[in-house]
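What follows is a short report on a single structure.
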Amino acid sequence: MNFTRWSARLPGTQRRGAARPDRASAAPSGPAAPSAGGPPGAGHGAVPAARAERSGSGADGAGAPGQDHTPSVDALSVHDILGKVPALVAVVYGPEHRIAYVNGAYATVFGPRPPGATAREALPELDALGLLPLMDQVLRSGRPRTVKARRVPGGAGADQSRDGYYTFTCTPIEVAASGPAPDPEVACVAPHKGVLVFGADVTDQVESTERLRAAEARQRAAAVTLQRSLLPQELEQPDDLRVAATYQPGGTDAAVGGDWYDVITLGAGRTALVIGDVMGRGVRAAAVMGQLRTAVRAYARLDLPPHEVLQLLDGLAAEIDASQIATCVYAVHDPNEGRLVYASAGHLPILVRDAEGTVHRAAEPTGPPLGTGGWLHTSGSVPLGPGSAAVLYTDGLVERRDKDIDHGVEALERAFAGATGAPDIICDRLLRALGISTDHDDDVAVLVLQHPARTGHDAELFHNAALELHGGTEAAPRARAFASGVLASWRFSPELHDLGVLAASELVANSLQHGTPPMRLRLRRTDRRLIVEVTDGDDHLPRRRRAEPVDEAGRGISIIATIASAWGSRRTPGGGKAVWCEFALPRESGE
Numbered sequence: 377m378n379f380t381r382w383s384a385r386l387p388g389t390q391r392r393g394a395a396r397p398d399r400a401s402a403a404p405s406g407p408a409a410p411s412a413g414g415p416p417g418a419g420h421g422a423v424p425a426a427r428a429e430r431s432g433s434g435a436d437g438a439g440a441p442g443q444d445h446t447p448s449v450d451a452l453s454v455h456d457i458l459g460k461v462p463a464l465v466a467v468v469y470g471p472e473h474r475i476a477y478v479n480g481a482y483a484t485v486f487g488p489r490p491p492g493a494t495a496r497e498a499l500p501e502l503d504a505l506g507l508l509p510l511m512d513q514v515l516r517s518g519r520p521r522t523v524k525a526r527r528v529p530g531g532a533g534a535d536q537s538r539d540g541y542y543t544f545t546c547t548p549i550e551v552a553a554s555g556p557a558p559d560p561e562v563a564c565v566a567p568h569k570g571v572l573v574f575g576a577d578v579t580d581q582v583e584s585t586e587r588l589r590a591a592e593a594r595q596r597a598a599a600v601t602l603q604r605s606l607l608p609q610e611l612e613q614p615d616d617l618r619v620a621a622t623y624q625p626g627g628t629d630a631a632v633g634g635d636w637y638d639v640i641t642l643g644a645g646r647t648a649l650v651i652g653d654v655m656g657r658g659v660r661a662a663a664v665m666g667q668l669r670t671a672v673r674a675y676a677r678l679d680l681p682p683h684e685v686l687q688l689l690d691g692l693a694a695e696i697d698a699s700q701i702a703t704c705v706y707a708v709h710d711p712n713e714g715r716l717v718y719a720s721a722g723h724l725p726i727l728v729r730d731a732e733g734t735v736h737r738a739a740e741p742t743g744p745p746l747g748t749g750g751w752l753h754t755s756g757s758v759p760l761g762p763g764s765a766a767v768l769y770t771d772g773l774v775e776r777r778d779k780d781i782d783h784g785v786e787a788l789e790r791a792f793a794g795a796t797g798a799p800d801i802i803c804d805r806l807l808r809a810l811g812i813s814t815d816h817d818d819d820v821a822v823l824v825l826q827h828p829a830r831t832g833h834d835a836e837l838f839h840n841a842a843l844e845l846h847g848g849t850e851a852a853p854r855a856r857a858f859a860s861g862v863l864a865s866w867r868f869s870p871e872l873h874d875l876g877v878l879a880a881s882e883l884v885a886n887s888l889q890h891g892t893p894p895m896r897l898r899l900r901r902t903d904r905r906l907i908v909e910v911t912d913g914d915d916h917l918p919r920r921r922r923a924e925p926v927d928e929a930g931r932g933i934s935i936i937a938t939i940a941s942a943w944g945s946r947r948t949p950g951g952g953k954a955v956w957c958e959f960a961l962p963r964e965s966g967e
């Protein structure tokens with residue numbers, strides 16, 4: 377725009393004086409001298425039409441009859457307008473950006489500036505704000521450019537007690553010719569291209585935004601703290617497995633989600649492994665996650681098959697919050713079977729790497745997410761023998777906005793196939809291989825388990841022995857003799873030997889009295905405990921009860937609960953039950 381000809385009129389006004397000869401003669405014929413401190417060509421002669429309209433009125437302000445007295449801003453000079461604008465305004469011209477004009481708001485923040493001096497010398501604040509290169513671009517391109525929320529030290533308010541923030545817009549203009557300047561070398565004697573620098577005060581908006589961000593950061597920190605406090609502070613370490621897990625919340629711009637994991641020792645060497653994801657954000661998702669994790673641990677104590685645990689969890693999820701959908705995988709590892717039995721509620725498949733290094737996806741069954749109801753979950757299984765490893769994970773590890781999730785799972789398969797070392801090292805390698813960093817936009821939970829192949833001294837600490845019992849009066853003596861011989865060969869102390877034989881005798885007697893064939897006695901030794909387990913074909917689980925002095929039965933389970941470190945029972949998949957007890961080994965016996 378032409379800076380010296382910039383004018384505006386209110387709606388409804390007419391420029392009828394443009395054709396009147398008396399107004400034309402009232403206009404000055406020579407070039408107008410610039411006002412003090414103003415831009416070249418921006419003096420009172422910058423808008424001659426406005427001056428002519430004023431000269432047409434009488435001394436008392438009354439014009440001729442019928443004359444239009446509609447108020448007009450044509451009579452205002454550019455100085456009048458820009459001088460009253462609360463924003464910062466500076467006008468420069470030429471390739472060196474020589475000062476033509478600064479308004480009062482600009483002088484209040486940065487101080488007065490001498491006309492004619494170059495911006496680099498007299499407007500160092502523009503250089504500090506990085507505006508000089510931007511002004512060069514505006515001169516070359518003829519297009520306005522804007523930079524947002526630049527900090528100006530002491531630029532907020534007249535007292536300059538705090539820093540201010542301004543959004544600067546640089547607009548190309550034309551500065552017309554004017555009279556001689558005090559310094560002939562900087563006189564504007566011909567029209568020049570210039571730049572209008574306009575700084576709008578956005579301090580309040582920036583501070584409000586910062587307060588909002590700080591509040592969001594506090595809320596996110598609270599959610600992350602809640603999330604981490606609801607996750608296991610220390611993973612249980614099973615005898616037969618090596619387990620590690622990691623949780624990484626999303627970046628600072630992402631609200632924390634509801635990812636969780638857990639490891640639960642079920643007894644008799646069996647271990648439950650859980651991973652899940654609440655499809656939500658913030659404190660609410662973390663709270664729902666905490667309730668689901670607590671419920672999983674409670675249901676796990678019932679030692680139910682995985683699909684029954686998910687069935688119970690499905691109903692609970694709908695009661696907690698019907699609007700929150702969660703996915704979950706619940707898996708149980710039994711070292712005696714060498715398999716991982718699992719059930720999935722809408723979750724991503726478990727990846728298993730066998731002893732040869734080949735990675736397999738755990739196949740169906742996969743049911744809908746928790747909380748949907750009306751679905752009967754089923755269990756599946758995958759081999760997990762010595763030398764094998766498995767990884768359970770949430771979608772944040774493999775899902776990307778620009779790719780199909782199957783591509784992410786395939787990338788994880790490739791990374792898992794080459795990831796070696798301890799489980800915690802594998803977790804770190806998988807995160808790096810999948811590009812998970814601190815600014816990742818989603819939560820990530822990873823659970824890695826290994827069933828190590830033990831050799832040498834470690835192999836001597838893990839033993840199994842089993843005896844098939846066919847019933848009859850000879851079953852109990854055979855079981856006692858078998859247990860005594862096995863425990864003696866495992867070189868247990870006499871006290872532990874006797875306790876193990878007593879436990880085997882009581883469990884077998886209980887099975888003979890209340891169970892049905894087939895029956896089996898299994899003894900298992902790990903580096904930390906001795907496990908005695910008896911299975912039979914009857915699915916009625918025993919319970920501990922107080923036997924009266926006259927009762928001839930009902931004391932077996934009470935004896936087991938008294939002498940053993942732990943005991944329990946569960947139904948077996950093919951029908952029947954297993955009753956077990958375990959004894960903690962003295963520390964020196966496990967070394």
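Take 377 as the starting number for the sequence shown in my numbering and just add one per residue. Where is the CB? At the ideal position from N, CA and C, for every residue including glycine. Predicted model, so just to flag it, every value in this text is computed and none were measured.
Determine, using beta carbons only, whether Ile781 and Glu789 come nearer to each other than 8 angstroms.
-> no
Which residues in the same chain have their Cβ closer than 7 angstroms to the Cβ of Gly913, if we skip the five residues on either side of it in sequence?
-> Gly891, Thr892, Pro893, Pro894, Gly951 and Gly952
Straight-line CA distance for Val571 to Glu592?
-> 40 angstroms
Could you name the residues of the same chain whose beta carbon sits closer than 7 angstroms to that of Glu497, not counting the 5 residues immediately before and after it, in chain order?
-> none
By Cβ distance below 8 angstroms, which residues in the same chain neighbour Ala791 in space, the five residues on each side in sequence not counted?
-> Arg805, Leu806, Ala809 and Leu810, listed in sequence order.
Return helix, strand or coil for Ala942, following the three-state DSSP convention.
-> In this structure, Ala942 counts as strand in the three-state DSSP scheme.
Touch test, the region 852 to 868 against the region 815 to 829, Cβ-Cβ under 8 angstroms, three pairs minimum | No: fewer than three Cβ pairs fall under 8 angstroms.
Hey, would you say Ala702 sits closer than 8 angstroms to Leu768, going by beta carbons?
-> No, they are not a contact pair.
Between the Cα of Leu688 and those of Ala719, Gly714 and Ala662, spot the shortest distance and give me the residue it belongs to.
-> Ala719
Boundaries (first-last residue) of the alpha helix (DSSP H) holding Ser665 = Note that residue 665 is Met in the sequence shown here, rather than Ser. Segment Gly658 to Ala676, the alpha helix (DSSP H) holding Met665.
Helix, strand or coil for Thr814, going by three-state DSSP, please let me know.
-> coil
Burial state of Gln603 (16 or more Cβ within 10 Å) = buried
Residue from Arg901, Ser869, His839 and Val910 whose Cα sits closest to the Cα of Ala855 = Val910
Take the Cβ of Ser865 as the centre, count every other Cβ of all protein chains shown within 10 Å, and call the residue buried at 16 or more, exposed below.
-> exposed
Validate contact between the region 824 to 835 and the region 750 to 767 using beta carbons, cut 8 angstroms, 3 pairs | Flag = yes, the region 824 to 835 and the region 750 to 767 touch.
Limits of the beta strand (DSSP E) - the one that Met895 falls within = Start and end: Met895 to Arg901.
In terms of DSSP beta bridges, what is Cys957 paired with?
-> Val908 and Trp943
Is Gly966 helix, strand or coil when you go by DSSP?
-> Reliability fails at Gly966, whose pLDDT of 42 lies under 50, so the model's placement of it is uncertain and no value is given.
Cβ pair count under 8 angstroms reaching 3, the region 584 to 600 against the region 538 to 550 | no
For Ser757, the residue or residues it bridges with in DSSP | Val717
Excluding five sequence neighbours on each side, which residues of the same chain lie with their C-beta closer than 8 angstroms to the C-beta of Pro520?
-> Val514, Thr545, Cys546, Thr547 and Pro548
Close beta carbons around Cys957, own chain, < 6 angstroms, minus the five adjacent residues each side | Ala879, Val908, Ile936, Ala940 and Trp943
Those residues which DSSP pairs with Ile971 across a bridge | The structure shown does not extend to residue 971, since the chain spans only 377 to 967, so no value can be given for it.
Where does Arg392 fall in DSSP's three states?
-> The pLDDT assigned to Arg392 is 40, lower than 50, so where the model puts this residue is not dependable, and the model offers no usable value.
Can the beta-carbon of Asp539 be found closer than 8 angstroms to that of Arg526?
-> no
Spatial distance of Asp653 from Ser517 (CA atoms) = 52 angstroms
By a C-beta neighbour count over all protein chains shown, 10 Å radius and 16 as the cutoff for buried, is Leu883 buried or exposed?
-> buried
What do you get for His723, buried or exposed, if any count of 16 or more other CB atoms within 10 angstroms of its CB means buried?
-> buried
Between the C-alpha atoms of Ala504 and Val664, what's the straight-line distance to the nearest angstrom?
-> 50 angstroms
Between Ala481 and Val468, which are expected to be in contact by the criterion C-beta below 8 angstroms, what is the C-beta distance as a whole number of angstroms?
-> The Cβ separation is near 16 angstroms, so there is no contact.
Given Leu510, which residues of its chain have a CB within under 6 angstroms of its CB, disregarding the five upstream and five downstream residues?
-> Arg521 and Cys546
Could you work out which residue in Pro471, Leu507, Val465 and Ala620 is closest to Arg489 when comparing CA atoms only?
-> Of the candidates Pro471, Leu507, Val465 and Ala620, Val465 places its Cα closest to the Cα of Arg489.
Cα-Cα separation, Ser945 to Ala644 = 9 angstroms
Compare the beta carbon distance of Asp679 and Arg905 with 8 angstroms and say whether it is the shorter of the two.
-> no
If I'm right that Leu837 touches Asp903 with Cβ under 8 angstroms, what's the distance once you round it to whole angstroms?
-> The Cβ separation is near 4 angstroms, so the contact holds.
Considering Glu844, what are the terminal residues of the beta strand (DSSP E) in which it resides?
-> His839 to Leu845
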